[in-house]
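Following: one structure in structure tokens, then a few remarks.
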Amino acid sequence: MLSGAAALAAVPAFSTFQAHASSGHDQHGGGSGNTASGNTGTATSAAATSHAGHAGFAGGSVLPGRAGIDPTAILRDFDRGKTSLLPDGRTLRVWDIVAVDKDFEIAPGITFPGWTYNGRIPGPTLWAREGDALRINFTNAGAHPHTMHFHGIHTAGMDGTPGIGAGSIAPGQSFTYEFDATPFGTHLYHCHQSPLAPHIAKGLYGGFIIEPREGRPPADDEMVMVMNGYNTDGGDDNEFYSVNGLPFHFMDFPVQVKQHALVRIHLINVLEYDPINSFHIHGNFFHYYPTGTMLTPSEYTDTISQVQGQRGIVELRFPFPGKYMFHAHKTEFAELGWMGFFEVGAA
Ligand code: CU
Ligand code: CA
Ligand code: CU
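The numbering of the sequence shown is our numbering, which starts it at 2 and goes up by one.
Okay, here's the thing in structure tokens:
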């Protein structure tokens, strides 16, 4: 387990970045872009060979079917829950969330023993409209006590904090969180059990999107990107970084977008152990809406930073076709997995 990370760390930093950004990926970028990240089963056996271009710098992504994580599928997977109408005319949304321990192959030969919501890292992206009534039936099927702590406005008893209300949910126990969807914005939920850092870093987090009551101006393409890290060898530092759970995935399977289309990205930083994460795009600028709680952007830029738990909406259009990198502007994170491409198809 240590050798993979050690080998990565031993690669000279600058050449790693360059290799991945240029030659390493040109070999298969064209072929892999449109097809799929949904690879499972037999396709996974090709991981070692099809990613030979990475061998020189010991990076590369594990195919989703083998890793157990598909960041491309997670991009546009918004879980709106089971809906029904309440007597007062409001919408009730109900989700069943189960905490389960699950292993993932997050990098070639590196198994990460995750703690998850519904078997995923990140957990499901829960979507609601402002004012909806929300009910989250949480069951802890893991081996440790956990909670679901939502960012949002709610009563103390529904906060998922140990010692308050139901507090810690022991293995085998269940609890139903109930509150209203407010305020609108791009939020998150995560476990709040102590010790907090490992409970989050093991994988217990997900996006929580509250759409304004009147909606936002329509986007042509809407997606969620959860920035995370993996501490695979103990201590209090990460050996890998990613967007939507799998290091280097979007290098091998670029995010497919259309020229001129309005792309809205809900960007959420759940990274533990490192205080600041960032998002940078090549060849373009974006409007940024901190926390998504306002309808007017605060910034027009190509780089933003987020501390732990910080999030916001990135909106942009790509004026030209082609492949454009996006990555953490902290080079170390990028070299350890937090980099990818948008592939812009001609309109
Ligand atoms: Cu926990
Ligand atoms: Ca570590
Ligand atoms: Cu939080």
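By construction, the Cβ of each residue, glycine as well, lies at the ideal position given by its N, Cα and C atoms.
If you follow the alpha helix (DSSP H) that residue 253 is in, where does it begin and where does it stop? Where residue 253 is concerned, the enclosing alpha helix (DSSP H) stretches over 250-253.
Measure how close the beta-carbons of residue 303 and residue 267 come, nearest whole angstrom, since I'm counting them as under 8 Å. A Cβ-Cβ distance of about 18 Å is found for the pair residue 303 and residue 267, leaving them out of contact under the 8 Å criterion.
Can at least three beta-carbon pairs, one atom from the segment 65-80 and one from the segment 250-258, be found at a separation below 8 Å? Using a C-beta cut-off of 8 Å, the segment 65-80 makes contact with the segment 250-258, since at least three inter-stretch Cβ pairs fall below that distance.
Look at the alpha carbon of residue 90 and the alpha carbon of residue 96, and state the distance between them as a whole number of angstroms. The straight-line gap from Cα to Cα measures roughly 19 Å.
Would you say the segment 231-245 touches the segment 310-324, given that touching needs at least three Cβ pairs under 8 Å? Touching, no, given that fewer than three Cβ pairs across the two stretches are closer than 8 Å.
Own chain, CB closer than 8 Å to residue 261, minus 5 neighbours either side, in chain order: Correct list, in chain order: 318, 319, 320 and 348.
Sort 278, 299 and 342 by Cα distance to residue 287 and report the nearest one. Cα-wise, what sits closest to residue 287 is 299.
Assuming residue 278 and residue 329 are in contact, meaning their beta carbons sit under 8 Å apart, how far apart are those beta carbons, in whole angstroms? Yes, they are in contact, since the Cβ atoms of residue 278 and residue 329 sit about 6 Å apart, within 8 Å.
Would you report the Cα separation of residue 78 and residue 126, rounded to the nearest angstrom? If I take the Cα positions, the gap works out to 7 Å.
Give me the Cα-Cα distance between residue 309 and residue 183, rounded to the nearest whole angstrom. Looking at the two C-alpha atoms, the distance is approximately 21 Å.
Which residues does DSSP pair with residue 103 in a beta bridge? Note: residue 103 sits in a beta bridge opposite 115.
Whose CA, out of 128, 198, 141 and 272, lies closest to the CA of residue 216? Nearest C-alpha to residue 216: 128.
Contact under 8 Å by Cβ, residue 269 with residue 289: Here residue 269 is not near residue 289, since their CB atoms are 8 Å or more apart.
Would a C-beta distance cut-off of 8 Å place residue 206 and residue 271 closer than the cut-off? For residue 206 and residue 271, yes; Cβs fall inside 8 Å.
State yes or no: is the C-beta of residue 147 nearer than 7 Å to some heavy atom of ligand 1? For ligand 1, a non-hydrogen atom lies closer than 7 Å to the CB of residue 147.
Runs of beta strand (DSSP E) wholly within the segment 212-297 (minimum 3 residues, chain order): For the segment 212-297, the continuous beta strand (DSSP E) assignments of 3+ residues that do not extend past its boundaries occur at 222-231, 241-244, 256-259, 264-270, 277-282 and 287-291, in sequence order.
Residue 115 beta carbon less than 8 Å from that of residue 104: Taking C-beta atoms as the reference points, residue 104 and residue 115 count as a pair closer than 8 Å.
Should residue 200 be listed as close to ligand 1, given that the test is whether its C-beta is under 7 Å from any heavy atom? In this structure, the C-beta of residue 200 approaches ligand 1 to less than 7 Å from one of its heavy atoms.
Taking the beta strand (DSSP E) that residue 323 belongs to, which residues open and close that run? Residue 323: member of the beta strand (DSSP E) spanning 323-328, first to last residue.
Among 163, 337 and 224, which one has its Cα closest to the Cα of residue 247? Comparing Cα positions, the closest option is 337.
Cβ-Cβ separation, residue 123 to residue 208 (assumed contact under 8 Å), whole Å: Sure, about 7 Å apart at Cβ, within 8 Å.
In the structure shown, what three-state DSSP assignment does residue 200 receive? Here residue 200 sits in helix by DSSP.
Whole angstroms are fine: how far does the CA of residue 161 sit from the CA of residue 149? CA-to-CA, the gap between residue 149 and residue 161 works out to about 5 Å.
Residue 140, DSSP secondary structure in three states: Annotated three-state conformation of residue 140 is strand, per DSSP.
Anyone know if the C-beta pair for residue 85 and residue 139 falls short of 8 Å? No, the Cβ-Cβ distance between residue 85 and residue 139 is not below 8 Å.
Go through the residues and name those whose CB comes closer than 5 Å to any heavy atom of ligand 2, in chain order. With 5 Å as the limit, the residues whose C-beta approaches a heavy atom of ligand 2 more closely than that are 232, 234, 236 and 238, in chain order.
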